Amino acid sequence: MKRKILFTLILLFFLFFLVYPIFFILLQSFYHNEKFTFEILKITLTNYIIRKSIINSFLLGIIVVLTTSLIGIPLAFIFDRFSFEGKSVLRILFLLPMIASPFVGSIGIKQILSRFGSLNILLIKLGLLKNPISWIGSGFLGIVILQTLHLYPIMFLNISASLNNYDISTEEASYNLGANTFQTFFKIIFPLIFPGYFAASSIIFIWAITDLGTPLVFEFNNLVSVKIFYTLKDINTNPVGYALVLIILLLTLTLFIFTKKYIGKTPYTTGRVQVQTKEKNLKGKKLFFLYLFLFFILLVSLIPHFSLIFYSFSKKWFFSIFPSQYTGEYYKVVFTHRLTKTGIFNSLIYSSISTVIDIFFGFFIGYILCRWKIKGKGLLDILSMIPLVIPGIVLAFGYVTTFSNTILDPKNNPVFLIILSYSLRRIPYLVRTTYSSFLQLDQGLEEASYSLGSNNIMTFKKIIFPLISPGLFAGAILAFAFSLMEVSCSLILAIRERFYPISKVIYILAGRVTDGPNTACSLGVLGMLITFICLFISTKIFAKKIGEFFRIG
Amino acid sequence: MDKEILTVENIDKSYEKKLVLQNINFTVYENDFFFILGPSGCGKTTLLRIIAGFVEPDRGRIILNKKDITKTPPNKRNIGFVFQNYALWPHMKVIENIAYGLKIKKYSEEFIKKRVKEIIEIVKLEGVENLYPSQISGGQQQRVALARALVINPQILLLDEPLSNLDAKLRDELRREIKRIHKETGITMVYVTHDQKEAMTLGTTIAVMKDKEIVQIGSPYEIYTNPIDIFVASFIGEINILKGKIVKREGDLLKIETDEGIFFVKSKKQINSENVSISFRPESAVSEEKINVIKGKLHDYEFYGDIVKINIITQKGNLFKIGVYTRDFNKYKKEENIIFSISEDKIMIFEQ
Ligand SMILES: Nc1ncnc2c1ncn2[C@@H]1O[C@H](COP(=O)(O)OP(=O)(O)O)[C@@H](O)[C@H]1O
Ligand SMILES: [Mg+2]
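Next up, the structure:
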């Protein structure tokens with residue numbers, strides 16, 4: 012009985028705050044002047060500017076998939092096939108680019124790429140350039156660069172996992188039958204890693220086209236995401252926004268379903284039995300070039316981060332590669348300025364509460380999916396995974412439109428919806444963590460407790476919770492970090508100044524002249540630091556403990 | 167008469183329409199070392215989990231100390247359970263694992279200390295009390311699992327293939343330990359295994375299971391010498407089988423025609439059909455030429471140390487396994503024509 016109530020409440024939560032807003036968008040994009048019509052879609056697709064934005068977004072997505080492939084795939088192969096000194100440390104370092112969102116990084120990198128920025132000065136000093144070039148131009152290139160540097164680790168991780176998943180002997184068999192490297196790659200290796208590649212490409216594609224912060228900083232407005240952002244202001248008279256969100260939603264769902272249905276099912280794993288190691292030892296010149304390549308990539312991908320740090324400490328930075336004068340004053344500003352103080356305070360509150368909500372949902376849904384026999388479990392499974400494929404911009408758009416003129420209207424007080432959007436988007440990760448923890452948790456561990464006279468509550472307190480909590484907290488810390496620096500929902504939902512979270516404050520400050528950008532950078536660096544610390548704690552301490560915990564048996 | 171501790175009555179259980187236990191009945195008496203022996207997948211674990219209360223049966227009753235506990239939740243049954251994979255709690259030290267049951271029952275600190283120390287001595291775990299399960303060996307983990315279940319003085323202890331995760335040497339050692347612990351504590355045990363050697367060496371009573379049913383219950387001696395069917399006979403030890411037809415009955419004595427000639431069998435069993443299988447164990451054959459003779463050539467052999475099992479191939483091409491002492495082995499190795507006979511009361515007979 013109690014079970015049914017809890018289960019129903021959780022289902023209702025998802026239905027009301029996830030499914031309903033999505034249906035609302037669907038409805039609105041076909042419902043105009045009190046009748047169903049394709050008019051809105053037609054206007055959207057025939058308007059020149061809008062069409063251009065759609066094409067631009069597509070281009071952006073495809074280009075970023077290509078660039079991340081160019082970096083991520085070779086990296087994955089290097090780590091899979093060669094052994095070299097410092098490999099494990101380097102592997103972690105290559106994940107570092109992810110600690111700052113491209114939105115934050117773009118504020119720093121503008122200083123590097125601008126007409127009189129570091130890059131041009133450097134090239135002129137080296138005699139490679141006569142007249143400074145405007146690298147940013149329209150801003151498109153800047154977006155591509157930042158998204159690439161932020162997203163290639165996703166490609167790297169996915170391809171690494173795919174490579175790890177198949178036996179080297181499948182390749183050797185191909186060579187053995189007379190195929191050359193080229194043939195072997197296209198006939199054997201590529202088909203085997205394709206599922207992983209497709210999944211990663213989908214994630215990157217969607218990420219790139221729904222990114223709102225970066226184009227805003229580069230002031231490149233002809234993208235779908237930016238158009239959605241601006242149409243929200245007059246959504247009642249201009250319903251184009253609905254159609255744009257619909258297009259993104261359809262695209263996301265198609266890719267997701269395709270990945271799940273056709274790619275996810277292909278049973279391409281050839282087993283993990285690896286008799287021979289595939290790693291080769293490199294020596295001399297080859298090893299040198301390998302390091303050169305790795306360090307070059309690493310250095311380039313950390314430029315946004317370093318430029319952000321330099322910018323935050325710079326007092327004067329004109330016509331020079333590095334700042335000519337440094338100061339720590341902007342960090343003081345961060346903790347004294349009214350706006351930054353509000354932002355930090357708000358973000359801490361929003362993220363903390365949303366993390367608590369995540370823990371609650373993560374734990375119970377994971378538990379229910381793993382241990383309960385109840386009708387509608389499949390529905391819960393699907394609902395709790397949907398947030399994975401709903402981009403932040405779609406969710407935020409849905410909230411603003413669905414709940415406008417209700418008690419939850421973000422124009423009055425967005426706190427509830429911001430917290431909700433933060434937590435909803437992380438629930439799938441926590442559900443996955445707890446679910447896999449429960450799967451690993453041998454049922455005998457619980458039964459042993461019952462057989463010794465322990466009741467449900469005691470067993471939960473003494474056995475289940477202590478064993479699940481490392482994974483749960485590791486996930487929660489990550490959820491906290493990501494919420495703290497979340498961009499899309501923060502930009503869209505926080506409309507009034509007193510409710511601004513960190514990201515919105517950074518955005519506002521970056522747009523101000525004089526010392527606004529410096530302060531924005533300091534705040535960005537702080538956020539980066541917190542993210543880094545959370546990531547570190549989460550992977551290092553807990554991952555190790557979890558490992559120790561489950562090594563028995 | 168011995169006191170009845172556990173009675174299992176008419177238990178049925180299916181999983182998703184697939185029957186895994188059918189009409190299970192048996193009684194376990196005080197101090198018994200009761201074995202449930204059967205091939206893997208026949209439902210042993212399910213049966214044990216039903217007794218412990220982790221699984222509800224579809225039909226039937228579980229009676230513990232004259233009380234029907236079929237509907238009692240597992241934490242109210244006071245039944246000890248040793249899991250196949252031990253199920254030790256990885257986040258608790260050895261001593262915390264062992265003390266858990268006592269703490270749950272809210273005994274005084276003092277008593278818990280005393281009792282835990284006592285049990286640690288019994289299972290010989292001195293010195294590893296403050297380590298975590300992952301830091302001790304497989305054999306020690308097994309001892310912790312035993313101690314944890316024994317410490318609360320359960321009315322009965324259930325063990326699910328407790329030795330199957332250990333290597334051969336440790337298995338022998340722990341088998342002896344379990345026997346000693348049974349003797350020292352006097353606790354009634356129900357032990358599930360697929361290993362006939364464990365059942366034969368430890369058990370006071372064995373219930374042999376075959377595909378969701380119990381087919382025979384008896385002492386190791388009864389089961390070995392008087393198996394109910396060929397399945398039990400071959401599961402519990404090695405046998406030779408020969409098909410035949412009853413041609414004459416004279417009271418207990420049956421005359422049976424086989425393609426290896428005529429065999430005489432003495433059996434009290436009620437045999438209804440004429441078509442039968444006769445069988446004998448390798449050690450029943452003696453090297454004399456009396457009745458029930460088998461002649462053949464040495465085919466191959468397996469060396470066991472004190473004995474050698476030799477396979478004899480007859481002219482008809484049948485193989486018979488026969489045990490001989492190692493010291494006599496050379497004799498058979500040279501011999502062209504090996505002759506054995508089996509006395510008429512050592513031959514087992516089964517309907518076909
Ligand atoms: N929870 C379950 N759900 C469905 N089938 C099960 C479950 N547990 C056991 N079975 C099935 O019941 C049969 C008996 O299993 P089990 O009792 O584990 O056998 P044993 O312990 O003798 O190897 C097997 O066919 C097994 O697949
Ligand atoms: Mg079993």
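Residue numbers (our numbering), protein chains in the order written: chain R, 12 to 564; chain P, 167 to 518. For every residue, glycine included, the Cβ atom is placed at its ideal position computed from N, Cα and C. A quick note: this is a predicted structure, and the numbers were derived from the prediction, not measured.
Top-ranked residue by Cα proximity to Arg-14 (chain R), from R:Cys-532, R:Ile-376 and R:Thr-412 = Along the first sequence, read from residue 1 onward, the residue named residue 14 (chain R) stands at position 3. That would be R:Ile-376, whose Cα lies nearest to the Cα of Arg-14 (chain R).
message = Taking 8 Å as the limit between beta carbons, can you name the residues of its chain near Gly-305 (chain P), skipping five residues before and five after?
response = Walking along the second sequence from the start, residue 305 (chain P) turns up at place 139. These residues qualify, in order along the chain: Leu-332, Leu-336, Glu-339 and Leu-340.
inquiry  = Suppose contacts are defined by Cβ-Cβ distances below 8 Å. Is Tyr-208 (chain R) in contact with Ile-246 (chain R) by that definition?
reply    = Within the first sequence, the letter at position 197 stands for residue 208 (chain R). Within the first sequence, the letter at position 235 stands for residue 246 (chain R). In this structure, Ile-246 (chain R) does not lie closer than 8 Å to Tyr-208 (chain R) by Cβ.
task = Take the Cβ of Ser-145 (chain R) as the centre, count every other Cβ of all protein chains shown within 10 Å, and call the residue buried at 16 or more, exposed below.
result = Position 134 of the first sequence, counting from 1, holds the residue named residue 145 (chain R). Counting Cβ neighbours within 10 Å, Ser-145 (chain R) comes out exposed, since fewer than 16 surround it.
Reduced DSSP secondary structure (H/G/I, E/B, other) of Asp-245 (chain R) = Position 234 of the first sequence holds residue 245 (chain R). Helix.
task = Compare the C-beta of Met-12 (chain R) against all C-beta atoms of chain B and say whether one is closer than 8 Å.
result = Within the model displayed, chain B is absent; protein chains R and P are what it includes.
request  = May I ask you to check if the CB of Val-248 (chain P) is nearer than 7 Å to at least one heavy atom of ligand 1?
outcome  = For the purposes of this step, residue 248 (chain P) is identified with residue 82 of the second sequence, where counting begins at 1. Outside the cutoff, so no.
ask   = Near ligand 1, which residues have their beta-carbon closer than 5 Å to a heavy atom?
value = P:Tyr-181, P:Val-186, P:Ser-206, P:Gly-207, P:Cys-208, P:Gly-209, P:Lys-210, P:Thr-211 and P:Thr-212
inquiry  = Taking the beta strand (DSSP E) that Met-514 (chain P) belongs to, which residues open and close that run?
reply    = Along the second sequence, read from residue 1 onward, the residue named residue 514 (chain P) stands at position 348. That run of the beta strand (DSSP E) goes 514–517.
ask   = Taking Cβ-Cβ distances shorter than 7 Å, what residues in chain P pair up with Ser-447 (chain R)?
value = The residue labelled residue 447 (chain R) in the question sits at position 436 within the first sequence. Those do not exist, as Ser-447 (chain R) stays about 16 Å from chain P at its closest Cβ, beyond 7 Å.
message = Taking 7 Å as the cut-off, is the C-beta of Asp-326 (chain P) nearer than that to any heavy atom in ligand 2?
response = In the second sequence, residue 326 (chain P) corresponds to position 160, counting from 1. For ligand 2, at least one heavy atom lies less than 7 Å from the Cβ of Asp-326 (chain P).
query = Quick one, which of R:Phe-127, R:Ile-517, R:Thr-550 and R:Thr-347 has its alpha-carbon nearest Ala-487 (chain R)'s?
reply = In the first sequence, the residue the question calls residue 487 (chain R) occupies position 476. Among R:Phe-127, R:Ile-517, R:Thr-550 and R:Thr-347, the Cα nearest to that of Ala-487 (chain R) is on R:Thr-550.
request  = Give a yes or no on whether the C-beta atoms belonging to Leu-254 (chain P) and Asn-241 (chain P) are separated by under 8 Å.
outcome  = For the purposes of this step, residue 254 (chain P) is identified with residue 88 of the second sequence, where counting begins at 1. For the purposes of this step, residue 241 (chain P) is identified with residue 75 of the second sequence, where counting begins at 1. Contact: no.
query = Is it right to say Ser-499 (chain R) is buried, meaning 16 or more other beta carbons lie within 10 angstroms of its own, or is it exposed?
reply = If you number the first sequence from 1, residue 499 (chain R) lands on position 488. Flag for Ser-499 (chain R) reads buried.
ask   = Tell me which same chain residues have a C-beta within less than 7 Å of the C-beta of Pro-439 (chain R), skipping the five on either side of it?
value = Walking along the first sequence from the start, residue 439 (chain R) turns up at place 428. Apart from sequence neighbours up to five positions away, the residues of its chain that approach Pro-439 (chain R) with a beta-carbon distance below 7 Å are Ser-395, Met-396, Pro-398 and Leu-399, ordered along the chain.
ask   = Looking at the unbroken beta strand (DSSP E) that takes in Gln-123 (chain P), where does it start and where does it end?
value = With chain P covering only 167 through 518, there is no way to say anything about residue 123 (chain P).
request  = Taking Leu-406 (chain R) as part of the alpha helix (DSSP H), name the residues at either end of that continuous run.
outcome  = If you number the first sequence from 1, residue 406 (chain R) lands on position 395. Segment 403–413, the alpha helix (DSSP H) holding Leu-406 (chain R).
task = Could you tell me whether the Cβ of Ile-318 (chain P) comes closer than 8 Å to any Cβ of chain R?
result = Position 152 of the second sequence, counted from the start, is the residue given in the question as residue 318 (chain P). Using a CB distance cut-off of 8 Å, Ile-318 (chain P) counts as an interface residue toward chain R.
key: CB contact flag (Val-358 (chain P), Thr-211 (chain P), <8 Å)   = As a first step, residue 358 (chain P) is located in the second sequence; it is residue number 192 there, counting from the start. As a first step, residue 211 (chain P) is located in the second sequence; it is residue number 45 there, counting from the start. Contact: yes.
query = To which residues of the same chain is Asn-233 (chain R) closer than 8 Å at the C-beta, ignoring the five residues directly before and after it?
reply = As a position in the first sequence, residue 233 (chain R) is number 222, starting the count at 1. Contacts found: Ile-60, Lys-63, Ser-64 and Asn-67.
key: Separation of Ile-258 (chain R) from Asp-377 (chain P), as counted between CA atoms   = For the purposes of this step, residue 377 (chain P) is identified with residue 211 of the second sequence, where counting begins at 1. For the purposes of this step, residue 258 (chain R) is identified with residue 247 of the first sequence, where counting begins at 1. Rounded to the nearest angstrom, the two C-alpha atoms are 58 Å apart.
task = Step through the CB atoms of chain P and report whether any lies within less than 8 Å of the CB of Ala-485 (chain R).
result = What you label residue 485 (chain R) is simply residue 474 of the first sequence in a count that begins at 1. Not one chain P Cβ lies under 8 Å of Ala-485 (chain R).
inquiry  = I'd like to know if Phe-247 (chain P) contacts chain R, where contact means its C-beta is closer than 8 Å to some C-beta of that chain.
reply    = Taking the second sequence and counting its residues from 1, the one referred to as residue 247 (chain P) is at position 81. Yes, its Cβ sits closer than 8 Å to a Cβ of chain R.
ask   = Count the other CB atoms within 10 Å of the CB of Phe-446 (chain P); is the residue buried (16 or more) or exposed (fewer)?
value = For this step, residue 446 (chain P) is matched to residue 280 along the second sequence. Answer is buried; the Cβ neighbour count reaches 16.
ask   = Thinking C-beta only, is Gln-321 (chain P) closer than 8 Å to Ile-245 (chain P)?
value = Indexing the second sequence from 1 puts residue 245 (chain P) at position 79. Indexing the second sequence from 1 puts residue 321 (chain P) at position 155. With respect to the 8 Å criterion, Ile-245 (chain P) and Gln-321 (chain P) are classified as neighbours on the basis of their beta carbons.
query = Helix or strand or just coil, what does DSSP make of Gly-207 (chain R)?
reply = Numbered from 1 along the first sequence, position 196 holds the residue referred to as residue 207 (chain R). Three-state DSSP puts Gly-207 (chain R) in a helix.
ask   = Where DSSP assigns a beta bridge to Gln-336 (chain R), which residues make up the other side?
value = Locating residue 336 (chain R) in the first sequence gives position 325, counting from the first residue. DSSP, once it has assigned bridges, lists R:Lys-327 as partnering Gln-336 (chain R).
ask   = Going straight from the alpha carbon of Ile-54 (chain R) to that of Trp-328 (chain R), what length do you get?
value = The residue given as residue 54 (chain R) occupies position 43 in the first sequence. The residue given as residue 328 (chain R) occupies position 317 in the first sequence. Roughly 47 Å between the two C-alpha positions.
task = Identify the contact partners of Tyr-461 (chain R) in chain P, using a Cβ-Cβ distance below 8 Å as the criterion.
result = The residue given as residue 461 (chain R) occupies position 450 in the first sequence. Those within 8 Å of Tyr-461 (chain R) in chain P are Gly-219, Phe-220, Pro-239, Pro-240 and Asn-241.
query = Can you tell me whether DSSP reads Arg-227 (chain P) as helix, strand or coil?
reply = The residue you call residue 227 (chain P) lines up with position 61 of the second sequence. Arg-227 (chain P) carries a strand assignment under DSSP once its states are collapsed to helix, strand and coil.
request  = Look at Leu-428 (chain R) and Phe-414 (chain R) and say whether their C-beta atoms are less than 8 Å apart.
outcome  = On the first sequence, residue 428 (chain R) is found 417 positions in, with the first residue counted as 1. On the first sequence, residue 414 (chain R) is found 403 positions in, with the first residue counted as 1. In this structure, Phe-414 (chain R) lies closer than 8 Å to Leu-428 (chain R) by Cβ.
ask   = How should Ile-16 (chain R) be labelled, buried or exposed, when 16 other C-beta atoms within 10 angstroms of its C-beta is the threshold for buried?
value = Here residue 16 (chain R) refers to the residue found at position 5 of the first sequence. By the 10 Å Cβ count, Ile-16 (chain R) comes out exposed.
key: Short-range partners of chain R found in the segment 253–282 of chain P, where Cβ spacing is below 7 Å   = Ala-253, Leu-254, Trp-255, Pro-256, His-257, Tyr-266, Gly-267, Ile-270 and Lys-271
message = At the 8 Å Cβ level, is Ile-171 (chain P) part of the contact set with chain R, yes or no?
response = By one-based count along the second sequence, residue 171 (chain P) stands at place 5. With 8 Å as the cut-off, Ile-171 (chain P) does not count as an interface residue toward chain R.
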